[in-house]
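Inspection log for the structure reproduced underneath, given as structure tokens.
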Amino acid sequence: MKDLKGKIAFVTGGSSGIGLGIVKVLAGDGMKVAFTWRRQEHLDEAMAYFKSRPDQTVYPVKLDVTDRDGFRLTADEVERKLGPVQVLVNNAGVGILGMMEDATWSDWDWIIKVNLGGVVNGIMTFLPRMLASKLDCHVVNVSSMGGVCALGSAGLYATTKFALLGLSESLRTDMIGRNVGVSVYCPGPVKSNIGEGSRVRPKEFADTGYHLPPMPKDAPPHPMMIHGMEAVEAGRCVLKGIKENKLFILSHPEFRDVIAARCDALMAAIPNEPINELRAESVRWLLSNRIYSEGA
3 MKDLKGKIAF VTGGSSGIGL GIVKVLAGDG MKVAFTWRRQ EHLDEAMAYF KSRPDQTVYP
63 VKLDVTDRDG FRLTADEVER KLGPVQVLVN NAGVGILGMM EDATWSDWDW IIKVNLGGVV
123 NGIMTFLPRM LASKLDCHVV NVSSMGGVCA LGSAGLYATT KFALLGLSES LRTDMIGRNV
183 GVSVYCPGPV KSNIGEGSRV RPKEFADTGY HLPPMPKDAP PHPMMIHGME AVEAGRCVLK
243 GIKENKLFIL SHPEFRDVIA ARCDALMAAI PNEPINELRA ESVRWLLSNR IYSEGA
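Yeah, the sequence shown ends on 298 if you go by the working numbering, and it's all consecutive.
This is the structure:
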């Protein structure tokens, strides 16, 4: 999708952080952007920005991405107000930090329902509409560098973000030769409020194994947030990835060495022995994929 001007985008979690950065960039490129929000203060800040840009069209809708019926009704509303969605950005997510042995069932259920289930809900809602439209469309799923390389004390988060890579690569394979492109964005540190997700954690998932003391109001931000990428810069990376139909959208070169080390570890683990040709032939369809070798 080279020319996005006038086309419709839908961004989940678009009122703050990376999501808002993406909304700002897409709207600035001429798209009409619907975005979801949960917290009023975030919506107020986002709309204050767009109030001074009357030439840009945004449409906020309150949505919990775990609500499947709400997703369907929201999609209907956005189509009535703006038109058919051609760019879907599944960005909404939450973070939980801590050792995996401390997790409760509620911790697992909540993060999986939001980080993975929310993306599934977005795809299940919009993909059939995109395919039926025959228009050029694109899906971006926001994962993380924590979905490419494991992070200590973030196992729950990494589990959901690793899953988004497999989901995105499989969906792109399904879409070869069709009208929907698929990308997965794997950012490193970006200035955001991902650590504040517990403020909208539903009561049914209140039981947690991670009881961190509240941060003092005057506590300095974590160095990762101080030196993190600006959200608008992250948004520009996503815009470029959509226009170039990239499978992987990576924005942080600082992670080059750890990615290479993981790839080397995988290659080193392959048995150094002759290939069983009969076995290989029986699964030939599994042994190559054009999304890797040809950029399909």
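Glycine included, every Cβ here is placed at the ideal spot set by N, Cα and C.
Segment limits, alpha helix (DSSP H) that includes residue i
i	result
C188	Here C188 belongs to no alpha helix (DSSP H); instead the beta strand (DSSP E) covers 182-188.
T162	157-176
M132	119-135
P225	225-228
I277	First-last for I277: undefined, no H or E at that position.
K26	19-30
S200	It is not in any alpha helix (DSSP H) - S200 carries neither H nor E in the DSSP assignment.
I293	292-295
Span separating the alpha-carbon of residue i from that of residue j
i	j	result
L137	A233	29 Å
I228	S194	10 Å
I261	R82	43 Å
V67	G23	19 Å
A263	F257	10 Å
V192	G21	11 Å
A105	Q42	29 Å
L45	M101	33 Å
D266	D259	10 Å
I10	N181	15 Å
W112	G183	29 Å
T210	K115	15 Å
D78	A208	32 Å
T59	M3	19 Å
L167	T175	12 Å
S295	P255	22 Å
A36	V240	16 Å
R281	G297	27 Å
V87	D69	19 Å
S18	M177	30 Å
G8	E103	49 Å
K64	P130	22 Å
L225	M147	In the sequence on display, residue 225 carries Pro and not Leu. Approximately 17 Å between the Cα atoms of the pair.
G124	L75	12 Å
K34	T161	33 Å
C151	D71	34 Å
L153	Y159	9 Å
S135	L84	15 Å
G157	K53	40 Å
N-terminal and C-terminal residue of the beta strand (DSSP E) that residue i is part of
i	result
H140	139-144
K64	59-64
A11	10-13
Best match in the options for proximity to residue i [C-alpha to C-alpha]
i	options	result
Y212	H254, W110, L153	W110
F73	P56, V35, K115, M126	M126
L214	I98, L28, G15	I98
L288	G21, S172, V89, R201	S172
G16	T38, M147, I178, S146	T38
G179	L133, L166, I196	L133
K163	D176, D57, G149, L90	G149
L169	I113, A156, N92	N92
F12	T161, P62, I196, R55	P62
N291	L249, P255, E275	L249
G299	S253, M147, A298	What is shown of the chain runs 3 to 298, which leaves residue 299 out entirely.
S200	L6, V96, D71	V96
A94	E275, I277, V202	V202
I293	S284, N247, I277, E279	N247
K205	A165, S108, S284	S108
V80	D57, T14, L153, K26	T14
L6	T76, L90, S54	L90
beta-carbon residue i near the ligand GTP non-hydrogen atom, thresh 8 Å
i	result
A267	In the structure shown, the ligand GTP is absent, as is every other ligand, since no ligand is present at all.
(message) Measuring CB atoms only, is the stretch 187-194 touching the stretch 135-148, in the sense that at least three cross pairs come out at less than 8 Å?
(response) The stretch 187-194, when compared against the stretch 135-148, does touch it at the 8 Å Cβ threshold.
(message) Using a Cβ distance threshold of 8 Å, determine whether the stretch 115-127 contacts the stretch 45-58, with at least three qualifying pairs required.
(response) no
(message) Using a Cβ distance threshold of 8 Å, determine whether the stretch 260-276 contacts the stretch 22-31, with at least three qualifying pairs required.
(response) no
(request) For the stretch 234-271, list the beta strand (DSSP E) runs that are entirely contained and at least 3 residues long, ordered along the chain. (result) 250-252
(request) Write down every uninterrupted run of the beta strand (DSSP E) in the stretch 39-106 whose length is 3 residues or greater and which is fully enclosed by it, in chain order. (result) 59-64, 87-92
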